[in-house]
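Just below is one structure, and these are the notes that go with it.
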Amino acid sequence: MNKTKSKEPMLSMSTKRMEALSDGVFAIAMTLLVLDFKVPTQSKSV
Numbered sequence: 005m006n007k008t009k010s011k012e013p014m015l016s017m018s019t020k021r022m023e024a025l026s027d028g029v030f031a032i033a034m035t036l037l038v039l040d041f042k043v044p045t046q047s048k049s050v
């Protein structure tokens, strides 16, 4: 009996994880662009 495992399921799992990661990064980037954060200005008072 030859018990060689196919590498196809491992490749498929790796691709799905990478796709999920890139979707998450894209979602965070789009959220930051939509919210348009601005740095508050400080008034100079001595």
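Numbering (the working numbering), first residue to last: 5 to 50.
Idealized CB from N, CA, C, for every residue including glycine.
In this text, all values refer to a predicted model and were calculated from it rather than measured experimentally.
Sequence-distant residues of the same chain with beta carbon closer than 6 Å to residue i, five excluded per side
i, result
"residue 19", "none"
DSSP three-state assignment for residue i, whether helix, strand or coil
i, result
"residue 35", "helix"
"residue 45", "coil"
"residue 27", "helix"
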